[in-house]
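K.L.:
Below are the structure tokens for one structure; questions will follow.
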Amino acid sequence: MESQNKQILSHLRNGNRLTPLEALTLFNCFRLSGRIYDLKKSGHDIKTTIINGKKKFAEYSLVITCKKCYGENTTNTNGLLQCKDCGFAWTEKYDYENR
Numbered sequence: 493m494e495s496q497n498k499q500i501l502s503h504l505r506n507g508n509r510l511t512p513l514e515a516l517t518l519f520n521c522f523r524l525s526g527r528i529y530d531l532k533k534s535g536h537d538i539k540t541t542i543i544n545g546k547k548k549f550a551e552y553s554l555v556i557t558c559k560k561c562y563g564e565n566t567t568n569t570n571g572l573l574q575c576k577d578c579g580f581a582w583t584e585k586y587d588y589e590n591r
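All residue numbers for the sequence shown refer to the numbering used here, where the first residue is 493 and numbers rise by one.
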């Protein structure tokens with residue numbers, strides 16, 4: 493079985509956002525903030541957004557920077573990353589091997 497860190501990173505790499513409740517449901521992870529801390533410490537650029545509703549909670553997403561214009565407005569479709577600002581596209585494999 494994969495570690496929670498690997499499962500969470502894979503989920504974020506697929507372009508998904510993740511909340512503590514989703515992490516508990518999907519990965520049986522009771523302390524998502526600890527796993528995010530580990531991933532950030534190992535060099536991954538993860539954005540934290542605080543959501544204010546009836547309850548206040550964090551939502552995490554992986555920041556993927558365009559290799560051409562350095563914008564952060566990218567989409568991930570089946571491993572093909574594309575910048576919404578300049579249209580440049582590259583593969584997920586290139587992105588993570590060349591960090």
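Idealized CB from N, CA, C, for every residue including glycine.
Pull up the distance between the alpha-carbon of residue 553 and that of residue 500, whole angstroms please.
P.N.:
Taking the first residue of the sequence shown as 1, we reach residue 553 at position 61. Taking the first residue of the sequence shown as 1, we reach residue 500 at position 8. For residue 553 and residue 500, the distance between alpha carbons rounds to 10 angstroms.
K.L.:
Where does residue 528 land, buried or exposed, given buried means 16+ other C-beta within 10 angstroms?
P.N.:
Along the sequence shown, read from residue 1 onward, the residue named residue 528 stands at position 36. Buried, because 16 or more other Cβ atoms sit within 10 Å of the Cβ of residue 528.
K.L.:
Would you kindly work out how many angstroms separate the C-alpha atoms of residue 498 and residue 583, rounded to a whole number?
P.N.:
Here residue 498 corresponds to residue number 6 of the sequence shown, with the count starting at 1. Here residue 583 corresponds to residue number 91 of the sequence shown, with the count starting at 1. Looking at the two C-alpha atoms, the distance is approximately 19 angstroms.
K.L.:
Please classify residue 566 as buried or exposed, where buried requires at least 16 neighbouring CB atoms within 10 angstroms.
P.N.:
Numbered from its first residue, the sequence shown carries residue 566 at position 74. So residue 566 ends up on the buried side.
K.L.:
Exposed or buried, what is residue 519 when buried is set at 16 or more other beta-carbons lying within 10 Å of its beta-carbon?
P.N.:
Counting from 1 along the sequence shown, the entry for residue 519 is found at position 27. When all chains shown are included, residue 519 counts as buried.
K.L.:
For the candidate residues 564, 537 and 569, whose alpha-carbon lies nearest to that of residue 506?
P.N.:
Working through the sequence shown from its first residue, we reach residue 506 at position 14. The shortest C-alpha separation from residue 506 is found at 569.
K.L.:
Would you kindly report the start and end of the unbroken alpha helix (DSSP H) that includes residue 516?
P.N.:
Here residue 516 refers to the residue found at position 24 of the sequence shown. Residue 516 -> alpha helix (DSSP H) spans 512-519.
K.L.:
If we count the other Cβ atoms within 10 Å of its Cβ and call it buried at 16 or more, is residue 433 buried or exposed?
P.N.:
Given that the chain is displayed from residue 493 to residue 591, the structure contains no residue 433 and the question cannot be resolved.
K.L.:
Let me check understanding here. Comparing Cα to Cα, which of 494, 544 and 510 lies closest to residue 555?
P.N.:
Reading the sequence shown from its first residue, position 63 is the one you call residue 555. The shortest Cα separation from residue 555 among 494, 544 and 510 belongs to 510.
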